[in-house]
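Heads up: the sequence shown runs through residues 1302 to 1948, numbered per the working numbering.
In this text, a Cβ means the ideal position worked out from N, Cα and C, and glycines have one as well.
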Amino acid sequence: MSDTKNYKDFLIKNILNSDLDTNNQDISDIVSKINREKIEKPSIFIGTGTCGLGAGADKTLEAVKNYIRNKNIDADIIETGCIGLCSSEPLMDVQIPGFNRISFENVTENKVEFILNEIFNLDIPKTEILGQFSSKNNKNWENIADIFEHSFFKAQKRIVLKNCGIVNPTSIEEYIASGGYKSYLKVIKSKSSSEMCDLIEESGLRGRGGGGFLSGKKWKFALNTPCSQKYLICNADEGDPGAFMDRAVIEGDPHRLIEGMAIAAYSIGATKSYVYIRAEYPLAIKRLKIAIQQAENYGLIGKNIFDSSVDFEIKVKMGAGAFVCGEETALIHSIEGERGMPRPRPPFPALSGLFGKPTIINNVETLANVPTIIEKGSDWYKSIGTENSKGTKVFALSGKVKLTGLVEIPMGTTVRQIIFDIAGGIPNNKKFKSVQIGGPSGGCITEQNLDIKVDYDSLIKVGAMMGSGGLVVMDEDTCMVDVAKFFMDFIQRESCGKCIPCREGTRRMLEILEDITHKPVNGNSHEALRRFKGVTQLEKLARVIKETSLCGLGQTAPNPVLSTLKWFRNEYEEHIYERTCSAGVCTELRTFSIDVDKCTGCTVCAKKCPTNAIIGTKKSPHFIVEDKCISCGTCEEVCKFDAIVIS
């Protein structure tokens, strides 16, 4: 058996249809080969998830192929997903027979030849080493730490992300050899649907898409609703700015999602399911479709699965990227071929959802937890986390931190640990200011709340929410009014427009924020009054939107404004009364002047000024006419004598 494509019959017979006999050396050796714990020729792994490709992994991959071809080396090249450390992309792992797999970071195409030359000579480069994957079957590289001892990974507990960046996502053989689909077959052969719902409820698994409802309890609503046809929908339409957890899981470990969906469908009595995923995720869609086809070829999807009388099918439905389709009922309308707009509830989808049938909707992360819960038991899972928030949570770390990427931490980990221990803190010795958690529907966590535990209840107490898991860190150079304006602009553009409070209310809130971040127009006697009046209405307007909007997206739309108002009211007052932005972000509030002692009268700034706001004669100091200046900053960019003063 020269490659994993020839292992189908072996895997079905020895793993899927029975418990693996670990005492059988022949079977163990084959499993080790499939999992690449024991290899006969060099293997080179390239992280070609979307983040890796964005960092140049495609060029690194091509450089590896050229190296292997030019050196006439017989080696396997394996493309993986993202292991989570996006700031270190492109990542390249190398494993040679008899030795541990070793990972290198920031491997651009020009570094490939040097690294491979060294390691093929059993020498280790002194730089770019991330760590090695320890294994009992292989030799350790001396003086190289285990990769999971790296500060970024050490505090994590990887359940959902266990295989991401490590396995070949397009190989069902690797997934099965590591125990994949065993949980599913165990369930359909020995558990009833009711028992499964009880087990998931006992585990304490809550929806990871934002609502945080108990998954097992939710499943029971659909299970106990009599109907000849029920549906399961996986919501992979993550639309929050800065969120990419679902994409990374599907790109890196699609079979885990498929197995979780299969178990969930059986638990609610559904035979048909959909993955609703945005079309902007082409790589995730491609790998998911490959995985679905592989599962069908193995008989894990289809009719009478492994003679259990259980049927299961999956369809992939691509969305057009509308944020509102993350809402359950809007998502259902989109699958049905209608415009993605929410409808009033009740009835809830669990009772009347897709095509009027009982429907359960869970997001990718929720479903990806399920196989491990079945494998290790509900007691094991609920031993992780806090009293009311069990298990782990995946966060997408972005913004002003040294190490960005995906982290999976046990519930109860503090925000401080995530930002300063895992992500390495704020770069350039800047001061931490805030972290936006939960996306547009979430809120800010400030320095005084850094030690708050990450769980559903604690975050709500400080005006934030778990959300889908976006976590954007901001430093002292961030303007919080501008942050609120950014999220409100996003929400206003993404509003479906069905209900007046969301459609008109968010537009008015955005107008108020734009008013206070723009330079006042001279001659407009009513402007100051309008600005002041608008700000006094912000909180009242926010309450009306929260209380009267049709769906959850509209009801949480004012959160970014309310949160920044609560914790950074002084910045709002600064913008309104002093008409300045101390962070220098709101460019239209900047005032430009010229230091006459430094100005040489070169006239470059006057020639480049788009509004002719700079006057003066050649070789004499120039001046800026404030009424004409639009604060674009062009003068500062072109001045070679540092004569432009910004206040």
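Check: Own chain partners of Val1468 with C-beta closer than 6 Å, once the 5 adjacent residues on each side are dropped; Outcome: Glu1475
Check: Close-in-space but distant-in-sequence residues of the same chain around Ser1389 (CB under 7 Å, 5 per side omitted); Outcome: Glu1406, Asn1407, Leu1431
Check: CA-to-CA distance, Ile1345 to Thr1361, given in whole angstroms; Outcome: 11 Å
Check: Own chain, CB closer than 7 Å to Gly1513, minus 5 neighbours either side, in chain order; Outcome: Arg1507, Tyr1757, Met1767
Check: Neighbourhood of Gly1706 by C-beta, 7 Å cutoff - its chain only, sequence neighbours within 5 removed; Outcome: Gly1385, Leu1386, Cys1387, Ser1388, Leu1698
Check: For Ser1329 and Ser1303, the rounded distance between their alpha carbons; Outcome: Because Ser1303 carries a pLDDT of 39, less than 50, the predicted location of this residue cannot be relied on, and the following value inherits that uncertainty. One C-alpha to the other measures close to 16 Å.
Check: Start and end residues, beta strand (DSSP E) containing Ile1615; Outcome: 1614-1620
Check: Beta-carbon proximity check, Ser1333 vs Asn1438, cutoff 9 Å; Outcome: yes
Check: Residue burial classification, Gln1737 (beta-carbon count within 10 angstroms, cutoff 16); Outcome: buried
Check: Rounded Cβ spacing between Arg1949 and Ala1669 (contact assumed at less than 8 Å); Outcome: Given that the chain is displayed from residue 1302 to residue 1948, the structure contains no residue 1949 and the question cannot be resolved.
Check: Rounded separation between Leu1321 and Ile1489 - CA only; Outcome: Note that Leu1321 has pLDDT 47, beneath the 50 cutoff, so the model's placement of it is unreliable and the number below is only indicative. For Leu1321 and Ile1489, the distance between alpha carbons rounds to 18 Å.
Check: Inter-residue CB distance, Ser1479 and Ile1448 (contact presumed, cutoff 8 Å); Outcome: No, Ser1479 and Ile1448 are not in contact; Cβ-Cβ is about 17 Å, not under 8 Å.
Check: 9 Å Cβ cutoff met for Ser1494 and Ser1568; Outcome: yes
Check: Supposed close pair Ala1580, Gly1622 - CB separation, criterion 8 Å; Outcome: 7 Å
Check: Pair within 9 Å by beta-carbon distance, Ser1769 and Ala1858; Outcome: no
Check: Close beta carbons around Gly1399, own chain, < 8 Å, minus the five adjacent residues each side; Outcome: Asn1439, Lys1440
Check: Ile1534 burial status per 10 Å Cβ neighbour count (16 or more: buried); Outcome: buried
Check: Helix, strand or coil at Gly1806 [DSSP, three-state]; Outcome: helix
Check: N-terminal and C-terminal residue of the alpha helix (DSSP H) that Arg1961 is part of; Outcome: Residue 1961 is absent from the structure shown; the chain starts at 1302 and stops at 1948.
Check: Backbone CA spacing between Glu1709 and Ile1895 [nearest angstrom]; Outcome: 51 Å
Check: Assigned secondary structure, Gly1357 (DSSP; H/G/I helix, E/B strand, else coil); Outcome: coil
Check: Inside the region 1856-1909 only - beta strand (DSSP E) runs reaching at least 3 residues; Outcome: 1893-1895
Check: Simplified DSSP state of Gly1510, which is helix, strand or coil; Outcome: coil
Check: Pairwise C-alpha distance: Thr1349 and Thr1673; Outcome: 25 Å
Check: Beta-carbon separation (whole angstroms), Ile1551 vs Tyr1485, contact threshold 8 Å; Outcome: In fact, because the Cβ distance is near 18 Å, the residues do not count as touching under 8 Å.
Check: Proximity winner among Ile1746, Val1695, Tyr1582, relative to Leu1866 (alpha-carbon distances); Outcome: Ile1746
Check: Boundaries of the alpha helix (DSSP H) in which Met1497 is found, first to last residue; Outcome: 1494-1504
Check: Limits of the unbroken beta strand (DSSP E) element including Gln1396; Outcome: 1393-1396
Check: Inter-residue spacing [alpha-carbon to alpha-carbon] between Met1712 and Ile1931; Outcome: 48 Å
Check: Short Cβ contact (9 Å threshold) for Gly1266 with Thr1715; Outcome: Residue 1266 cannot be examined here, being either before or after the span of the chain that is shown, 1302 to 1948.
Check: Rounded separation between Leu1854 and Glu1429 - CA only; Outcome: 43 Å
Check: Cβ separation of Ile1586 and Met1562, assumed to be a contact under 8 Å, to the nearest whole Å; Outcome: About 15 Å; that fails the 8 Å criterion.
Check: Inter-stretch contact at 8 Å, needing at least 3 Cβ pairs: the region 1920-1930 / the region 1898-1906; Outcome: yes
Check: Nearest neighbour of Lys1820, chosen from Pro1861, Phe1788, Glu1927 [CA to CA]; Outcome: Glu1927
Check: For Asp1680, the three-state DSSP class (helix, strand or coil); Outcome: helix
Check: C-beta contact flag for Ile1416 and Ile1397 at 9 Å; Outcome: no
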